[in-house]
Amino acid sequence: MTVREEIEKLKKEKNAVILAHYYVSPEVQELADYIGDSFYLSKVAVGLEEQTIVFCGVSFMGESAKVLNPEKTVLMPDAAADCAMAHMADAQIVEKMRRTYDDLAVVCYINSTAELKSCSDVCVTSANAVQIVKALPNKNIFFIPDRNLAHYIAGLVPEKHFVYNEGYCPVHEQMQTSEILKAKEAHPAAEVLSHPECPEKVLEISDYIGSTSGIIKYAGESAAGEFIVCTENGVRYELEKRYPDKKFWFTETEPVCRDMKLITPEKILHVLRTGENEVKMEESLRKTAGRPLEKMLELAK
Ligand code: 13P
Ligand code: SF4
23 MTVREEIEKL KKEKNAVILA HYYVSPEVQE LADYIGDSFY LSKVAVGLEE
73 QTIVFCGVSF MGESAKVLNP EKTVLMPDAA ADCAMAHMAD AQIVEKMRRT
123 YDDLAVVCYI NSTAELKSCS DVCVTSANAV QIVKALPNKN IFFIPDRNLA
173 HYIAGLVPEK HFVYNEGYCP VHEQMQTSEI LKAKEAHPAA EVLSHPECPE
223 KVLEISDYIG STSGIIKYAG ESAAGEFIVC TENGVRYELE KRYPDKKFWF
273 TETEPVCRDM KLITPEKILH VLRTGENEVK MEESLRKTAG RPLEKMLELA
323 K
């Protein structure tokens, strides 16, 4: 039996479903029942019929799925797959800001640990942050952990006063404008599509800015036939699958999230067989981390 056949067999036996983020490798995306960005996956995770969720992504994604579905078993193919940015703020800085500013909402990017979520008022993803920040009654917004996404949202919601935190995604932070301009020289008709985790200088030279699913949707709707894609290279698989007649270029130094790429078909098979790497969480943490996530799902409706 091939790895794929064995996975399919075990999925039926164990009543399991596979969720995958666009950043995992193509061979993993091919095995997934649901593929999407962080917002889509957090919505999909609620209300699945299957008892076991195999989450092909990094730890904050599996944690969020568990927080929203306490009765389900959530398995991570690689327990070491983590997001560096998820740890780039802490409860102390949140407390300090709460003491410093009146009328403050702590807005937490979903790329964060459960501990960070539990001291926040609402979660957001790159796909819904504008809508949610606009809907908050508070004047002051402390946006954690990502400073790049915070600056981008602040520009779109000028009526709010933003307080920034010094977190960033190491993959998007390394995007070089010089490499984008070089790609643009080679492909002058190409539009530049960027994720808002990119630095401001990159966003300034972009034709479209959005979440991974936003980028994929825009590439389909645009009249352009080629694009320079400024986000993790896993999205290439979906872009090329959906739009075989369009061309997608990446910068010379391809943006790769090593943690997302830790997931392999063999590791999916292993956790399905053994039940290893189950996401476990204290009930008190699960409840407090769940509040901002549920508020996000409510406000983003
Ligand atoms: P989205 O899934 O919201 O596009 O975010 C990208 C990301 O960095 C996920 O880790
Ligand atoms: Fe985290 Fe960046 Fe990897 Fe996304 S791409 S999981 S934000 S390190």
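Positions 23 to 323 (the working numbering) are the ones given, in order, by the sequence shown. Glycine included, C-beta positions come from ideal geometry on N, C-alpha and C. Remember, predicted model here, so these are calculated numbers, not experimental data.
- Restricting attention to alpha helix (DSSP H) runs no shorter than 4 residues, the region 239–319 encloses them at 257–264 and 287–296, ordered along the chain.
- Contact annotation: Thr234 and Asp59 have beta-carbon atoms nearer than 8 Å.
- Close CB contacts of Arg295 within its chain, under the 7 Å cut and outside five residues either way in sequence, are with Leu32 (chain order).
- About 7 Å separates the beta carbon of His43 from that of Met83, a gap short enough to meet the 8 Å contact definition.
- By the neighbour-count criterion, in which a residue is buried when 16 or more other Cβ atoms sit within 10 angstroms of its Cβ, Leu178 is exposed.
- Within the same chain, and ignoring the five residues on either side of Ile132 in sequence, the residues whose Cβ sits closer than 6 Å to its Cβ are Ser60, Cys145 and Thr147.
- Nearest neighbour of Gly189 by Cα position, chosen from Thr275, Val293, Met119 and Arg169, turns out to be Arg169.
- The C-alpha of Glu320 is placed about 24 Å away from the C-alpha of Arg120.
- Secondary structure within the region 158–201: the beta strand (DSSP E) runs of 3 or more consecutive residues, fully enclosed, are 162–166 and 183–186 (chain order).
- Within the model, the alpha-carbon separation for Glu85 versus Gly232 is close to 24 Å.
- Just measuring C-alpha positions, the residue of Lys34, Thr24 and Ala87 sitting nearest Leu41 is Ala87.
- Cβ-Cβ separation between Ile290 and Leu53: approximately 6 Å, consistent with a contact (criterion under 8 Å).
- Of the residues Val224, Leu261 and Leu90, the one whose Cα lies closest to the Cα of Ala241 is Leu261.
- Inclusion of Ser64 and Leu307 in the CB contact set at 8 Å is not warranted, their separation being larger than that value.
- The beta carbon of Glu274 sits closer than 8 Å to those of Glu201, Lys204 and Ala205, all from its chain and outside the five residues before and after it, given in chain order.
- For His43, the pairing in a beta bridge is given by DSSP as Gly58.
- Just so you know, the alpha carbons of Glu71 and Ala101 end up roughly 24 Å apart.
- Taking Lys94 as reference, the option from Gln73, Phe77 and Cys220 with the minimal CA-CA separation is Gln73.
- For Val80, there is no enclosing alpha helix (DSSP H), as DSSP gives it neither H nor E.
- Shortest Cα-Cα distance from Pro287 to any of Met23, Val39 and Pro99 involves Pro99.
- In the three-state scheme derived from DSSP, where H, G and I count as helix and E and B as strand, Thr74 is classed as strand.
- Near the ligand 13P, residues with a Cβ at less than 5 Å from any of the ligand's heavy atoms are Asp59, Ser60, Thr147, Ser148, Ser233 and Thr234; the list follows chain order.
- Within the same chain, Cβ atoms closer than 6 Å to the Cβ of Cys141 are found at Ala113 and Val116, the five residues on either side in sequence being excluded.
- Measuring C-alpha to C-alpha distances from His183 to each of Ala136, Lys161, Tyr56 and Arg258 identifies Lys161 as the nearest.
- Under the three-state reduction of DSSP output, Leu53 falls in the coil class, being neither helix nor strand.
- Proximity to His194 across Pro159, Glu213, Lys36 and Leu171 peaks at Leu171, based on C-alpha coordinates.
- Runs of the beta strand (DSSP E) lying entirely within the region 80–134, each at least 3 residues long, are 95–97 and 126–131 in chain order.
- According to the DSSP secondary-structure assignment, Ser216 is paired through a beta bridge with Ile231 and Cys252.
- Secondary structure of Ala322 (DSSP, three-state): coil.
- Rounded to the nearest angstrom, the Cβ distance from Ile163 to Val155 is 6 Å, consistent with a contact under 8 Å.
- When only Cα atoms are considered, Tyr62 and Glu28 end up about 27 Å apart.
- Beta-bridge pairing by DSSP links Ala38 to Thr74.
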